[in-house]
Each structure stands twice: as C-alpha cells, then as structure tokens.
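Remarks on the structure that follows.
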Ligand code: TYD
C-alpha cells in the first residue's frame, strides 16, 4: 500500500515546480510515483474549472461558496475511489490540492464567508465525513506558506491566468493563507508548514527526506501485516 500526500498553498506558492522535482528525484530512486491534482481532469472537474473557477471573470456569475463546496466535494469523492485503487500498486501519490483547499478557499471572504463560522464548521465536517465514509486518510500535507504579495509578484505575467482572479477582492489571498494556517494548527500531525520562500531544490530535498521516512515506516507495517 502506497502513501498519499497532498500539497496545499495559495496560488503562486510553487507547489507545481516542487512536485515535478520530487517526482524526478523519487523516480531516480526507483519509486513509482503519480502526480495528480484537483479539480480533476474528469468531466466534472472540467466543469468546475469553467463553471466555478472560470466564472466571475466574464459574464457568468460565480456560484456561491456552498455550491462550490458541493461541486469540489463531489469531484473529490469520485477521485478518492480512483486514488485508493492506484495506491494498491504505486509507492506514492501526490495530489496538488485536496480537502484543505476547499476550506481555505471557500471560506476566504467572497460573499462574507470569512465571518461565517457555520460554513467553516460545516466544511470541516464534510471533509472529515468524506474521508471517514471512504475509509481514507492523508499521510502528509505540505503547506507551502508565503505572503500573498510575494506569491502574486511571482506569478507576474501569469496573473491573468489565475482563475477568476479579477473577481477576487485584494485581501482574498490573505484570508486563504490564514485559513490554511488555522488548519495547520488543528491538524498539527498531518500538516507540515513549508517555507515557500526557500529555493525549490531545498524544499524538494526536505520533502523527499520526510517522504522516505514515511515509506520506511510503511514497509515495516507491511512486513508486520504478513
Ligand atoms: P490551481 O491549483 O492553481 O490549478 P491550475 O494551475 O491548473 O489553475 O487552481 C485551482 C484553483 O481552484 C485555485 O485557485 C484554488 C481553487 N480551488 C478551490 O477554490 N477549492 C477547492 O476545493 C480546490 C480543490 C481548488
């Protein structure tokens, strides 16, 4: 049974670059690794990209946080079945965004969601409920943390490519970051904070070291099961 890792952080925090480096390094060590992302590449995932993330920047109105929550969660629920199946024969699956993105983004202040404690608690509940129902868990989450100003300046010319970016108020990304930091307090054992200002090579090295330790532990568990 392989391990399941998630990467989280605001747009422009460098997750994609580091995940590609990680894949290369772990493959060189002989591990079978798969990089995946959410929203997924399924028809539902594609609908979310155009209907939820793409909306708001053009004529279409962006759906409210609750609609987005259910869409992202439906996409995820189907995704988990697929991930579980693949973990039977792969060593490592790394998913770019997962449950924590829904909490961090869908309560980040659009339509006053930042003050909506009921919504926040409900999303936490839904996330835990999905994992429990699916008998699934995340082995580790790496939270790429940095100031939104830095992340956005990194994105530079890519700003227009951020989905629905224009429709997001200035402090939106500050809220996303704070939400992530709250989650890291709540799930201290699972979520490791990564200083996203560090060079990607250094980050990839740090994460790889941690993953190798988990794989070692996993091997011992597998052996004791037999
Ligand atoms: P991103 O991960 O940067 O992918 P890409 O580079 O392909 O655009 O963008 C996905 C966006 O979706 C990001 O702004 C966060 C948002 N999102 C949510 O709002 N809720 C969620 O549950 C997930 C998975 C993503």
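Residue numbers (the working numbering): 844 to 1069.
Here a beta-carbon is modelled for each residue, glycine too, at the ideal position from N, C-alpha and C.
From the DSSP secondary-structure annotation, give me the bridge partner or partners of residue 852.
Walking along the chain shown from the start, residue 852 turns up at place 9. DSSP, once it has assigned bridges, lists 987 as partnering residue 852.
Take every Cβ of the segment 853 to 863, pair it with every Cβ of the segment 914 to 924, and state whether three or more of those distances are shorter than 8 Å.
Segments in contact, no.
Distance CB(residue 937)-CB(residue 878) smaller than 8 Å
As a position in the chain shown, residue 937 is number 94, starting the count at 1. As a position in the chain shown, residue 878 is number 35, starting the count at 1. Contact: yes.
Give me the residue from 897, 988, 1061 and 1051 with the minimum Cα distance to residue 868.
One-based indexing of the chain shown puts residue 868 at position 25. It is 1051.
Please determine whether the Cβ atom of residue 945 lies at a distance below 7 Å from any heavy atom of ligand 2.
By its list of ligands, the structure shown excludes ligand 2, since it contains just ligand 1.
Assigned secondary structure, residue 907 (DSSP; H/G/I helix, E/B strand, else coil)
Within the chain shown, the letter at position 64 stands for residue 907. Note: residue 907 maps to coil in three-state DSSP.
Look at residue 1023 and residue 986 and say whether their C-beta atoms are less than 8 Å apart.
Here the question's residue 1023 lines up with position 180 in the chain shown. Here the question's residue 986 lines up with position 143 in the chain shown. Yes, these two residues count as a Cβ contact at 8 Å.
Residue 928, buried or exposed, once every other Cβ within 10 Å from all chains shown has been counted against 16:
Mapped onto the chain shown, residue 928 falls at position 85. Exposed: under 16 other Cβ atoms inside 10 Å.
Verify the contact flag: residue 881, CB atom, against every heavy atom of ligand 1, threshold strictly below 7 Å.
Here residue 881 is taken as the residue at index 38 of the chain shown, counted from 1. Indeed, a heavy atom of ligand 1 lies less than 7 Å from the Cβ.
Does the distance from the C-beta atom of residue 1033 to that of residue 993 stay below 8 Å?
The residue given as residue 1033 occupies position 190 in the chain shown. The residue given as residue 993 occupies position 150 in the chain shown. For residue 1033 and residue 993, no; Cβs fall outside 8 Å.
Closer than 7 Å: is that where the CB of residue 915 sits relative to any heavy atom of ligand 1?
Against the chain shown, residue 915 aligns to sequence position 72. Result yes, Cβ under 7 Å from ligand 1.
Using the Cβ count rule (16 or more neighbours within 10 Å means buried), how would you classify residue 895?
Here residue 895 refers to the residue found at position 52 when the chain shown is read from its first residue. Looking at its Cβ environment, which holds 16 or more other Cβ atoms inside 10 Å, residue 895 is buried.
Mind checking residue 1009: buried by the 16 CB within 10 Å criterion, or exposed?
As a first step, residue 1009 must be located in the chain shown, where it is residue number 166. Residue placement at residue 1009 is poorly supported in this model, since its pLDDT is 49, which falls under 50; the coordinates still yield a value, given next. Residue 1009 comes out exposed.
Does at least one heavy atom of ligand 1 sit under 7 Å from the Cβ of residue 949?
The residue labelled residue 949 in the question sits at position 106 within the chain shown. Yes, Cβ of residue 949 sits closer than 7 Å to a heavy atom of ligand 1.
Assuming the contact rule is C-beta atoms closer than 8 Å, residue 1057 and residue 846 should be a hit. Round their C-beta distance to whole Å, please.
Within the chain shown, the letter at position 214 stands for residue 1057. Within the chain shown, the letter at position 3 stands for residue 846. The Cβ separation is near 5 Å, so the contact holds.
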